[in-house]
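Quick note, the sequence shown lines up with residues 1 to 340 if you use UniProt numbering.
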Amino acid sequence: MKSRRRPYAEQRPQGLGGGVWSVPVPIPGNPLGYTLVYAIESPRGPVLVDAGWNHPDAWEALSGGLAAVGLDVSAVSGVVVTHFHPDHAGLAGQVREVAGAWIAMHESDAALVRLMTEYAGSKHEAFQADMLRRAGADPGEARQVAGERPSPPALPDRELRDGDLVDLPGRKLRAVHTPGHTPGHICLHLEDADRLFTGDHVLPDITPHVGIYPYDRDDIDPLGDFLESLDRVGDLGPLDALPAHEWIFPDVAARAAQIRHHHEEKLERLRALLDQRPQPLTIWEVAAMMTWNRPWDELPPPLRGMAAGEAAAHLRTLEARGQIRRLPGVDAVRFHALDS
């Protein structure tokens, strides 16, 4: 079954067959419009894949949408979160309060949620300001980029690792660790139905944000991890994909290959851009030169921050491949191309 992306107002809960339902849950003020929350039938009560943004309208949509397909939110036995972002994990805590459900998440994202709960607002602001300075943003722009920070999601009761089976009696729902968009992102393979809940890892039309934070870290490679994760998903074969946004689509392996190709082309363009510049560039300068869905000057400050994170991730992958080199500096880190 495939349904093209429509405005949230035109979305409806629907049965997908095989004991699976989808419920669109709005994301207030976000161009994505909604998160597709999935419910899977279980003798102990339905298990949800993601839960949606923590907002009264979203809660009404989730609880009402489940009711529309004959399910009761108070009967939910568990919520497995594909990743910790607020449009996926935000309502998991409220579902737990109402239904006594467990919450499961990959251990790497669970560690991040614990860190977020410990980081006070002022401490986070100082961290972000220093990160932007080291990336090359001027102080005035850094103050604009620092946006409002969402509240951390509820801590999970259960932590998953790659290959673990989710607590879903009578079915086989297996966690597939697909880091990149977040360190603990997981897809969920419903092995008894040849379906893959892809979260944000593989979407039918857009590509997920893959950034690195702080921007100048050199001990991780999120984009490299993401590309390897795409290969892992491709190895599962032409499964039907049930993503968290946009629409359901067939052959997740083919789409994963397209996304990988997109990033490889982006890496080639970035390598060429650096090769043409005689002077090393800061992360902020690189981000301003890259191609985004609108010109850099038209990007709102928070989106510039996300673009810089994505530029940093691409730079880090080129560095890991030995194609560019970083030059640490007192004011900001800079990168330059190495001879081919």
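Ideal placement from N, C-alpha and C gives every residue a C-beta, glycine not left out.
message = Please report the straight-line C-alpha distance between residue 237 and residue 43, rounded to a whole angstrom.
response = Within the sequence shown, numbered from 1, the residue matching residue 237 stands at position 237. Within the sequence shown, numbered from 1, the residue matching residue 43 stands at position 43. Going from the Cα of residue 237 to the Cα of residue 43 covers about 29 Å.
request  = Mind reading off the beta-carbon distance from residue 103 to residue 156? Whole number of angstroms is fine, and I expect it under 8 Å.
outcome  = Within the sequence shown, numbered from 1, the residue matching residue 103 stands at position 103. Within the sequence shown, numbered from 1, the residue matching residue 156 stands at position 156. Between residue 156 and residue 103 the Cβ distance is about 4 Å, and since that is below 8 Å, they are a contact.
request  = Assign residue 204 to buried or exposed, taking buried as 16 or more other Cβ atoms, counted over all protein chains shown, within 10 Å of its Cβ.
outcome  = Looking up residue 204 in the sequence shown gives position 204. Buried is the call here.
message = Tell me the rounded alpha-carbon separation between residue 105 and residue 268.
response = Your numbering for residue 105 matches position 105 in the sequence shown. Your numbering for residue 268 matches position 268 in the sequence shown. Going by the C-alpha atoms only, they are around 34 Å apart.
inquiry  = What would DSSP say about residue 95, mapped onto helix, strand or coil?
reply    = Against the sequence shown, residue 95 aligns to sequence position 95. Here residue 95 sits in helix by DSSP.
inquiry  = Residues in the same chain with beta-carbon distance under 7 Å from residue 132, minus the five sequence neighbours each way, listed in chain order, please.
reply    = Along the sequence shown, one-based indexing puts residue 132 at 132. Closer than 7 Å at the Cβ level, and outside the excluded window around residue 132, lie 142, 145.
ask   = Given residue 327, which residues of its chain have a CB within under 6 Å of its CB, disregarding the five upstream and five downstream residues?
value = For the purposes of this step, residue 327 is taken as the residue at position 327 of the sequence shown. Taking residue 327 as the centre and dropping the five residues before and after it, the same chain places the C-beta of 280, 334 closer than 6 Å to its C-beta, in chain order.
request  = Give the C-beta separation of residue 222 and residue 212 to the nearest angstrom, bearing in mind that I take them to be a contact with Cβ-Cβ under 8 Å.
outcome  = Here the question's residue 222 lines up with position 222 in the sequence shown. Here the question's residue 212 lines up with position 212 in the sequence shown. Between residue 222 and residue 212, the beta carbon gap of about 5 Å places them in contact (Cβ cut-off 8 Å).
key: Three-state secondary structure assigned by DSSP to residue 2   = As a working note, residue 2 is residue 2 in the sequence shown. With a pLDDT of only 40 at residue 2, under the threshold of 50, the placement of this residue in the model should not be trusted; the figure read from the coordinates follows. In the structure shown, residue 2 sits in coil (DSSP, three-state: anything other than H, G, I, E or B).
ask   = Which of the three DSSP states, helix, strand or coil, is assigned to residue 225?
value = As a first step, residue 225 is located in the sequence shown; it is residue number 225 there, counting from the start. Residue state, collapsed to three classes: helix.
inquiry  = Measuring alpha carbon to alpha carbon, tell me which residue in 161, 54, 11 is nearest residue 68.
reply    = Sequence index remark: in the sequence shown, residue 68 carries index 68 (1-based). Out of 161, 54, 11, 11 has the C-alpha closest to the C-alpha of residue 68.
key: Alpha carbon of residue 198 to alpha carbon of residue 52, nearest angstrom   = Translated into the one-based positions of the sequence shown, residue 198 becomes position 198. Translated into the one-based positions of the sequence shown, residue 52 becomes position 52. Their backbone Cα atoms lie some 15 Å apart in a straight line.
task = Note down, one range per segment and in chain order, each alpha helix (DSSP H) of at least 4 residues found wholly within the segment 283-311.
result = Counting whole runs of 4 or more residues, the segment 283-311 contains the alpha helix (DSSP H) stretches 283-289.
request  = Output the boundary residues of the beta strand (DSSP E) element that contains residue 21.
outcome  = By 1-based counting over the sequence shown, the position of residue 21 is 21. DSSP places residue 21 inside the beta strand (DSSP E), whose first and last residues are 20-26.
task = Look up residue 155 in the DSSP assignment and give the residues it is bridged to.
result = Within the sequence shown, the letter at position 155 stands for residue 155. Paired residue(s): none; residue 155 is not in a bridge.
ask   = How do the segment 294-309 and the segment 250-264 stand: do at least 3 beta-carbon pairs fall below 8 Å, yes or no?
value = With a cut-off of 8 Å, the segment 250-264 and the segment 294-309 do not count as touching, because too few Cβ pairs lie within range.
query = For residue 330, which of helix, strand or coil comes out of DSSP?
reply = Taking the first residue of the sequence shown as position 1, residue 330 is located at position 330. Correct three-state label for residue 330: coil.
ask   = Where do the ends of the alpha helix (DSSP H) carrying residue 57 lie?
value = Within the sequence shown, numbered from 1, the residue matching residue 57 stands at position 57. 56-68 is the span of the alpha helix (DSSP H), which, as asked, contains residue 57.
request  = Please state whether DSSP places residue 198 in a helix, a strand or coil.
outcome  = Position 198 of the sequence shown, counted from the start, is the residue given in the question as residue 198. If DSSP states are grouped into helix, strand and coil, residue 198 belongs with the strands.
inquiry  = Taking contact to mean 3 or more Cβ pairs, one atom from each stretch, closer than 8 Å, check whether the segment 307-315 and the segment 155-169 are in contact.
reply    = Taking 8 Å as the limit for Cβ pairs, the verdict is that the segment 155-169 does not touch the segment 307-315.
message = At the 8 Å Cβ level, is residue 273 part of the contact set with chain C, yes or no?
response = The structure shown contains no chain C; it is built from a single protein chain.
query = In three-state terms, what does DSSP make of residue 127?
reply = The count along the sequence shown starts at 1 and reaches residue 127 at position 127. Looking at residue 127 - three-state DSSP - the assignment turns out to be helix.
message = Quick check on the burial criterion: 16 or more other C-beta atoms within 10 angstroms. Buried or exposed for residue 91?
response = On the sequence shown, position 91 is the one that residue 91 refers to. Buried: at least 16 other Cβ atoms inside 10 Å.
Close Cβ partners of residue 313 (< 6 Å) along its chain, the five nearest in sequence each way excluded = Counted from its first residue, the sequence shown places residue 313 at position 313. The answer, listed in chain order, is 210, 211, 212, 222, 223.
ask   = Do the segment 75-83 and the segment 94-102 touch if we need at least three Cβ pairs shorter than 8 Å?
value = Yes, they touch.
key: Beta-carbon separation (whole angstroms), residue 338 vs residue 323, contact threshold 8 Å   = One-based indexing of the sequence shown puts residue 338 at position 338. One-based indexing of the sequence shown puts residue 323 at position 323. About 6 Å separates the beta carbons of residue 338 and residue 323, which is inside the 8 Å limit, making them a contact pair.
request  = Could you work out which residue in 49, 119, 264 is closest to residue 166 when comparing CA atoms only?
outcome  = Residue numbering aside, residue 166 sits at position 166 when the sequence shown is read from its first letter. With distances taken between Cα atoms, residue 166 lies closest to 49.
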